[in-house]
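The block underneath contains the structure these notes are about, expressed in structure tokens.
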Ligand SMILES: Nc1ncnc2c1ncn2[C@@H]1O[C@H](COP(=O)(O)OP(=O)(O)OP(=O)(O)O)[C@@H](O)[C@H]1O
Ligand SMILES: [Mg+2]
């Protein structure tokens, strides 16, 4: 009964002070909405960077001969002959954290089609290469394991090669090209990938069975590289360790000896990118915190000033028999109603703004639950506290002192 | 058997403002018995409002004793004082103190909102009755800014009556009313007084004092006169004697 009365009183007071209520709510609404929208942008770009990296093959692991720890293997592995097909087969058999793997041999040369020629690089791989690099085919199909076994003279080419050796727009699939004078039948065109993070043209490639490249082009029996992909991004570091162990055993290395090969995952790259996007999020969090703070100060101001204004009212309420606790409860209810309503409207506005940004500005967004919870909680707590605290001071005065308040 | 409803002893109230101290009440003594109708008179600044505020438990004396219904006010908690104000006292402020932008009826209902024993229906009914008593039955939904000074004063009077107080403390409750209306209000107070309600009425006008049975005169914070009125006039009769006005 008493609480019901206080609810009525609080509700009437809210209606009575429309402007004050609206201004307070506005502070809360803007605070909550901006935090939600900004963190959604931050999270969104973080996710989009992640997925971009994933599409480049974030699980990818490369194994090169040579003892380098950073940068490309010395002499591109050309003069280091320690990586063998046997090594590959053992890795494939034993490393259970790898989902795909392929031997890689590569060499450069001229791609020729009639009078058109173009300098490019040929990669000798097995069919799993496409899965590792996460490339699709634009047309045609991948060579088969049988074609690898038979060292078939078939090749797939990238868009840059297509553009340069088939300039008149003919369909390359089914045509013959020559690479360093060895004829290859084009059986597919790789999907365009553009430049990679290091500015290399990923479409300037010729892909052929590694057996063909080993025998007919390079005349070698070792491998330049082994490429593999870990079963998941999280497993990549573990997979690196696993492969390292296997290869050390294979190469009969003693404990005191350094690796004569290097195994690297895309992890380093990812962590660089993650830290960049982490910084972006941090920046947005900072901006959001400032707007939350400003919103909070706004709430504080309005609540504080309004209670000062209402000290006379508090005096009167006490004079006609309102207890200090009644007055406090009334202001608390008011503050709660205003803060919660404002907070909810803020959440709605924040989600609306996020959808708008996603739809019309085409920015990637992702609403984080914690941003809703935190912003709502901060605004609600500020609103409630600053509604309650000055009321507590006013209600501890003698009624006549409060009534006389100017 | 008479009961002392108000008893003050050597009551002092000083206001300190910076280095200056204003002694508004300099040690006053009196008792008011249940059922008395007392008018308090005195020039402006003599301390009437200051005294009434203390009697109404709205302010604390600097020193001295105040007993209300044989209970020392000093010993009462803030909540107990609030309950006394809510249930026993009807206070009419010199400056009305109505809630702005709030209708007359809601202003009058206010004290009952803090009394959980009164239901919503009863609250409304009592508020309407109180407004009828002061002649504002047709102004229930007017806000203070839509009422004249005298009408606002009458809303304040209605508010003081709505809780059926045992004691009414009025600070120049008729100060803004014409003779006719103020006599009507005095007749109302006399009627309430007959029912046993103790009334303490601050006024400037000597003719108002003739409706009470006792007058206390203050000057510079001291009581200079305290006398019984042997010939109490009836406000209702005086009202009838006033020249009739056509409406
Ligand atoms: N809150 C206060 N602070 C300082 N001085 C005060 C305060 N209240 C009253 N006074 C002083 O106390 C004295 C008595 O004031 P009070 O209001 O009691 O006079 P009053 O008799 O009611 O006068 P009036 O007839 O004009 O209403 C005055 O000198 C006034 O200035
Ligand atoms: Mg006065």
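Chains as they are written, first to last, in my numbering: chain A, 144 to 549; chain B, -1 to 245.
Glycine included, each C-beta is placed from N, C-alpha and C at the ideal position.
Pick out whichever of the options has its Cα sitting closest to the Cα of residue i.
{"i": "residue 212(B)", "options": "219(B), 6(B), 119(B), 223(B)", "result": "223(B)"}
{"i": "residue 468(A)", "options": "454(A), 538(A), 438(A)", "result": "538(A)"}
{"i": "residue 155(A)", "options": "99(B), 186(B), 234(B)", "result": "99(B)"}
{"i": "residue 51(B)", "options": "42(B), 106(B), 87(B), 33(B)", "result": "87(B)"}
{"i": "residue 276(A)", "options": "189(A), 519(A), 202(A), 482(A)", "result": "202(A)"}
{"i": "residue 243(A)", "options": "265(A), 158(A), 229(A), 274(A)", "result": "274(A)"}
{"i": "residue 20(B)", "options": "11(B), 26(B), 27(B)", "result": "11(B)"}
{"i": "residue 401(A)", "options": "387(A), 408(A), 407(A)", "result": "387(A)"}
{"i": "residue 495(A)", "options": "295(A), 515(A), 476(A), 285(A)", "result": "515(A)"}
{"i": "residue 112(B)", "options": "125(B), 139(B), 84(B), 37(B)", "result": "84(B)"}
{"i": "residue 174(A)", "options": "352(A), 229(A), 490(A)", "result": "490(A)"}
{"i": "residue 291(A)", "options": "230(A), 359(A), 166(A)", "result": "359(A)"}
{"i": "residue 131(B)", "options": "94(B), 101(B), 188(B), 170(B)", "result": "188(B)"}
{"i": "residue 482(A)", "options": "169(A), 454(A), 161(A)", "result": "169(A)"}
{"i": "residue 488(A)", "options": "162(A), 236(A), 536(A), 177(A)", "result": "177(A)"}
{"i": "residue 392(A)", "options": "449(A), 238(A), 429(A), 498(A)", "result": "238(A)"}
{"i": "residue 241(B)", "options": "177(B), 194(B), 232(B), 204(B)", "result": "177(B)"}
{"i": "residue 148(B)", "options": "170(B), 161(B), 165(B)", "result": "170(B)"}
{"i": "residue 434(A)", "options": "476(A), 296(A), 518(A), 232(A)", "result": "518(A)"}
{"i": "residue 511(A)", "options": "497(A), 350(A), 234(A), 325(A)", "result": "497(A)"}
{"i": "residue 381(A)", "options": "409(A), 429(A), 230(A), 369(A)", "result": "409(A)"}
{"i": "residue 403(A)", "options": "298(A), 172(A), 230(A)", "result": "230(A)"}
{"i": "residue 294(A)", "options": "480(A), 526(A), 326(A), 436(A)", "result": "326(A)"}
Taking 7 Å as the line, does the beta carbon of residue i fall inside it for any heavy atom of ligand 1?
{"i": "residue 172(B)", "result": "no"}
List the whole-angstrom C-beta distance separating residue i from residue j, where the pair is believed to meet the contact cut-off of C-beta under 8 Å.
{"i": "residue 62(B)", "j": "residue 9(B)", "result": "4 Å"}
{"i": "residue 182(A)", "j": "residue 365(A)", "result": "So it is not a contact: roughly 52 Å between Cβ atoms."}
{"i": "residue 307(A)", "j": "residue 269(A)", "result": "About 26 Å; that fails the 8 Å criterion."}
{"i": "residue 383(A)", "j": "residue 356(A)", "result": "Contact doesn't hold; Cβ gap of about 26 Å is too wide."}
{"i": "residue 320(A)", "j": "residue 256(A)", "result": "5 Å"}
{"i": "residue 373(A)", "j": "residue 280(A)", "result": "At roughly 24 Å, the Cβ-Cβ gap does not stay under 8 Å, so residue 373(A) and residue 280(A) are not in contact."}
{"i": "residue 486(A)", "j": "residue 522(A)", "result": "5 Å"}
{"i": "residue 234(A)", "j": "residue 389(A)", "result": "6 Å"}
Cβ of residue i within 7 Å of any heavy atom in ligand 2?
{"i": "residue 218(B)", "result": "no"}
{"i": "residue 92(B)", "result": "yes"}
{"i": "residue 169(B)", "result": "yes"}
Leaving out the 5 sequence neighbours to the left and right, which residues in its chain are closer than 7 Å to residue i when beta-carbon positions are compared?
{"i": "residue 316(A)", "result": "282, 283, 329, 330, 331, 332"}
{"i": "residue 116(B)", "result": "110"}
{"i": "residue 152(A)", "result": "473"}
{"i": "residue 427(A)", "result": "181, 182, 184, 185"}
{"i": "residue 470(A)", "result": "457, 460, 461, 534, 538"}
{"i": "residue 135(B)", "result": "129"}
{"i": "residue 105(B)", "result": "96, 97, 153, 157"}
{"i": "residue 174(B)", "result": "147, 148, 151"}
{"i": "residue 24(B)", "result": "10, 219, 220"}
{"i": "residue 159(B)", "result": "88, 128, 131"}
So, for residue i: in the same chain, excluding its five sequence neighbours on each side, which residues have a beta-carbon less than 6 Å away from its beta-carbon?
{"i": "residue 252(A)", "result": "322, 323"}
{"i": "residue 65(B)", "result": "5"}
{"i": "residue 223(A)", "result": "208, 209"}
{"i": "residue 303(A)", "result": "344, 346, 347"}
{"i": "residue 168(B)", "result": "90, 199"}
Apart from the five residues on each side of it in sequence, which residues of its chain come closer than 8 Å, Cβ to Cβ, to residue i?
{"i": "residue 29(B)", "result": "2, 4, 5, 6"}
{"i": "residue 529(A)", "result": "442, 443, 446, 447, 478"}
{"i": "residue 221(A)", "result": "Because the pLDDT of residue 221(A) is 47, which lies under 50, any placement of that residue in the model is unreliable, and the number read from its coordinates should be weighed accordingly. Around residue 221(A): 367."}
{"i": "residue 262(A)", "result": "251, 252, 253, 254"}
{"i": "residue 423(A)", "result": "185, 188, 189"}
{"i": "residue 229(B)", "result": "208"}
{"i": "residue 210(B)", "result": "35, 36, 37, 197, 199, 227, 230"}
{"i": "residue 121(B)", "result": "107, 110, 111"}
{"i": "residue 506(A)", "result": "184, 187, 188, 500"}
Quick one: does the C-beta of residue i sit closer than 7 Å to a heavy atom of ligand 4?
{"i": "residue 206(B)", "result": "In the structure on display, ligand 4 does not appear, and the ligands it does have are ligand 1 and ligand 2."}
So which residues of chain D does residue i contact, with C-beta pairs closer than 8 Å?
{"i": "residue 225(B)", "result": "This model lacks chain D altogether; the protein chains it does include are A and B."}
Any residue whose CB is nearer than 6 Å to a heavy atom belonging to ligand 1, listed in chain order
Here the residues come out as 547(A), 13(B), 15(B), 20(B), 22(B), 40(B), 42(B), 43(B), 44(B), 45(B), 46(B), 47(B), 48(B), 92(B).
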